[in-house]
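One structure below.
2 protein chains.
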Amino acid sequence: MSQWKQIQQLEIRLLEHVDYLYDDNFPMDIRQGLASWIESQDWDTAANDESMATVLFTNLLSQLERVRSQEQNFLQRHNMKIIQQQLQVCQNPFILSCPGNESMTKKLFEQGPLEKSLQN
Amino acid sequence: MSQWKQIQQLEIRLLEHVDYLYDDNFPMDIRQGLASWIESQDWDTAANDESMATVLFTNLLSQLERVRSQEQNFLQRHNMKIIQQQLQVCQNPFILSCPGNESMTKKLFEQGPLEKSLQN
Chain A
1 MSQWKQIQQL
11 EIRLLEHVDY
21 LYDDNFPMDI
31 RQGLASWIES
41 QDWDTAANDE
51 SMATVLFTNL
61 LSQLERVRSQ
71 EQNFLQRHNM
81 KIIQQQLQVC
91 QNPFILSCPG
101 NESMTKKLFE
111 QGPLEKSLQN
Chain X
1001 MSQWKQIQQL
1011 EIRLLEHVDY
1021 LYDDNFPMDI
1031 RQGLASWIES
1041 QDWDTAANDE
1051 SMATVLFTNL
1061 LSQLERVRSQ
1071 EQNFLQRHNM
1081 KIIQQQLQVC
1091 QNPFILSCPG
1101 NESMTKKLFE
1111 QGPLEKSLQN
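And the structure:
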């Protein structure tokens, strides 16, 4: 079972903390849609290695395209398409100037431990 | 069957047009979550009547709160919460200065006929 599925079994009080981790800077749709892939990548290293971060970011776009094209739910497919378009505009994985001037890699790096701490 | 469900049975070529109707200014999550309620309101009149538009907008927020609180899917509940927060900041149904300077009522008014034209 992915870490993401385990998190969704937490009590409501803790799930509210998870809610706050995800916004337009890092949509929860990506976390859910790519759960297994995200959890199998080395974000700790990528957070300090720009070339690796660039590769991971490119792979993330490919994974998103794969998952979106297979998604049967119209609403989720639509939301993934919007997220894909936003990410494709901001090609820099370290300094995502849009939306919200946040780093995708940094976000992924920070959120893993935060989610884990909620489970403990 | 709601008009929204019928629309999702259109062929992919036409569904792509529906995709373009929905963005951050009017998230598809609202259209889907409140489908029956939206389709039973008089948006034509509200588009030219500010007091009625204000009532409909307030009712839309209440409906969104009702649907969100009953939603079992964690991701959809989370997305609805974010949309609710955005809408509560922009209290004017005619001039929604955020996000995107669009009128909710105008959007609802315009999208109904557009969706219908895709079905014909």
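So the protein sequences, as listed, match chains A and X.
For the first sequence, the working numbering assigns the number 1 to the initial residue and increments by one for each residue that follows.
For the second sequence, the working numbering assigns the number 1001 to the initial residue and increments by one for each residue that follows.
For each residue, glycine too, the CB sits at the ideal point set by N, CA and C.
Nonlocal neighbours in the same chain, by C-beta distance under 8 Å from residue i, ignoring five residues either side
i          : result
A:Ala-35   : Ser-2, Gln-3, Trp-4, Lys-5
X:Met-1028 : Tyr-1022
A:Gln-32   : Trp-4
X:Arg-973  : The displayed coordinates of chain X run from 1001 to 1120. Any statement about residue 973 of chain X would go beyond what the structure contains.
X:Asn-1079 : Pro-1027, Asp-1029
Cα-Cα separation between residue i and residue j, rounded to whole angstroms
i          : j          : result
X:Gln-1009 : A:Lys-81   : 19 Å
X:Thr-1045 : X:Met-1052 : 8 Å
A:Asn-101  : A:Ala-47   : Caution applies to A:Asn-101, whose pLDDT of 34 falls short of 50 and renders its modelled position unreliable; the value that the coordinates give is listed next. So the alpha carbons of these two residues sit roughly 16 Å apart.
X:Leu-1060 : A:Glu-50   : 45 Å
A:Gln-86   : X:Leu-1064 : 26 Å
A:Phe-26   : X:Leu-1075 : 13 Å
X:Asp-1024 : X:Gln-1084 : 12 Å
A:Glu-11   : X:Arg-1066 : 21 Å
X:Thr-1054 : A:Thr-58   : 45 Å
A:Tyr-20   : A:Glu-39   : 20 Å
Minimum Cβ-Cβ distance from residue i to chain X less than 8 Å
i        : result
A:Met-28 : yes
A:Leu-87 : no
A:Gln-84 : no
A:His-78 : yes
A:Gln-72 : no
A:Lys-8  : Sequence inspection shows Gln at residue 8 of chain A; the Lys mentioned does not correspond to that position. It does: the Cβ of A:Gln-8 has a partner Cβ on chain X nearer than 8 Å.
A:Gln-3  : no
Cβ neighbour criterion (16 or more within 10 Å) applied to residue i
i          : result
X:Asn-1073 : exposed
X:Val-1089 : exposed
Test: residue i CB closer than 8 Å to a CB of chain A
i          : result
X:Ile-1012 : no
X:Tyr-1022 : yes
X:Leu-1015 : yes
X:Leu-1075 : yes
X:Gln-1063 : no
X:Asp-1019 : yes
X:Gln-1041 : no
Cutoff 7 Å; reference residue i; Cβ partners in own chain excluding five residues on either side
i          : result
A:Trp-37   : Gln-63
X:Gln-1041 : Leu-1056
Nonlocal neighbours in the same chain, by C-beta distance under 6 Å from residue i, ignoring five residues either side
i          : result
X:Glu-1016 : none
Output the residue ranges of the alpha helix (DSSP H) runs that lie fully inside the region 1011-1084 of chain X and measure 4 residues or longer, sorted by chain position.
1012-1021, 1028-1033, 1035-1039, 1043-1046, 1050-1070
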